[in-house]
Structure formats: structure tokens, C-alpha cells
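**Student:**
In this note's numbering, the protein residues as written are 11 to 146.
1) For the putative contact between residue 30 and residue 70, defined by C-beta atoms under 8 Å, what is the C-beta separation to the nearest angstrom?
2) Just how far apart, CA to CA, sit residue 124 and residue 111?
3) Less than 6 Å between C-beta atoms, sequence neighbours within five positions excluded: which residues of the same chain meet that for residue 94?
4) Could you tell me which residues DSSP pairs with residue 94 in its beta bridges?
5) I need the straight-line Cα distance from residue 81 to residue 63, nearest angstrom please.
6) Applying the criterion that 16 or more other CB atoms from any shown protein chain within 10 Å of the CB defines a buried residue, is residue 146 buried or exposed?
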């Protein structure tokens with residue numbers, strides 16, 4: 011097993027249960043993304059950190075586009091659900107977000123850390139009914 015795969019396995023089995031519990035309580039900064047497995051059809055919950063961008067959300071792909079939650083959402087046409095505490099949002103589409111816009115959504119000091127870590131893959135998660143489209 012390569013180091014990256016081992017790290018992702020560690021996160022999935024050890025850290026994700028803790029961060030999922032924090033998101034269920036509504037503890038910042040974690041949000042749950044609920045997505046359906048593209049082959050199994052199973053509903054999965056993955057903790058991520060998002061930032062509001064108007065009525066929508068920005069997400070940073072820390073581990074790149076090969077992570078399962080993102081691949082599942084793409085296979086579902088961009089549809090998924092976000093949840094934090096008692097709040098929930100239906101996501102109707104997911105699209106790439108330019109780096110500058112992604113960093114701006116997170117704002118300081120989080121954007122400083124993301125820039126320092128050279129993060130450059132951001133997504134825009136469109137909330138159902140927000141009226142946004144790709145030309146915004």
C-alpha cells in the first residue's frame with residue numbers, strides 16, 4: 011500500500027468518525043456531505059470543510075479529484091446533500107471554482123493557510139434553488 015492510500019485509510023477509519031460527530035453537533039468547521047456510492051448505491055457521509063459563497067458553498071479538494079466523495083457526486087450529476095447540526099442543504103450541481111474565488115470564499119486566516127499549503131483545487135457547490143448558473 012502506498013503512503014497516500016495508507017494516509018487516506020487512516021483518516022477514513024480514525025479521524026472521520028470524530029469529525030462527523032462534530033458536524034452532527036454543528037461544531038465548526040465541519041460539514042457532512044451525504045453522497046450515494048456510484049456502484050453500490052449506499053449512502054455515505056464524509057466530513058469536509060466548506061465556506062459560504064453567497065447562497066452556495068465553496069469546497070477545497072485537499073486530496074485532489076480522486077477522492078471517493080467527489081467521484082460519487084460527479085457520477086450523480088452533482089447532486090448531494092450538505093448537513094451541519096440541524097441545518098441541511100440540497101446541492102444541485104458541482105463545478106470547478108477558480109483558485110482566487112475559492113480562496114476569497116474562505117477568507118483570512120483560512121485562505122492564508124490554504125495559500126501557504128499551495129491548495130489549488132476548489133469546487134462550487136450550488137444550493138438547490140439558489141438561482142446560480144455556470145455563467146456567474
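C-beta atoms are modelled at their ideal positions from N, C-alpha and C, and glycine is treated no differently.
**Tutor:** On the basis of the data shown:
1) As a first step, residue 30 must be located in the chain shown, where it is residue number 20. As a first step, residue 70 must be located in the chain shown, where it is residue number 60. The pair is not a contact, with the Cβ atoms about 18 Å apart (cut-off 8 Å).
2) Along the chain shown, read from residue 1 onward, the residue named residue 124 stands at position 114. Along the chain shown, read from residue 1 onward, the residue named residue 111 stands at position 101. If you take the alpha carbons of residue 124 and residue 111, they lie about 12 Å apart.
3) Reading the chain shown from its first residue, position 84 is the one you call residue 94. Once the five neighbours on either side are set aside, the close Cβ partners of residue 94 are 33, 36 and 41.
4) Here residue 94 refers to the residue found at position 84 of the chain shown. Bridge partners of residue 94: 97.
5) Position 71 of the chain shown holds residue 81. Position 53 of the chain shown holds residue 63. Whole-angstrom Cα-Cα distance: 22 Å.
6) Within the chain shown, residue 146 is the residue found at index 136, counting from 1. Because residue 146 sits at a pLDDT of 46, beneath the cut-off of 50, its placement in the model cannot be relied upon, and the following sentence gives the value as read from the coordinates. It is exposed - the Cβ of residue 146 has fewer than 16 other Cβ atoms within 10 Å.
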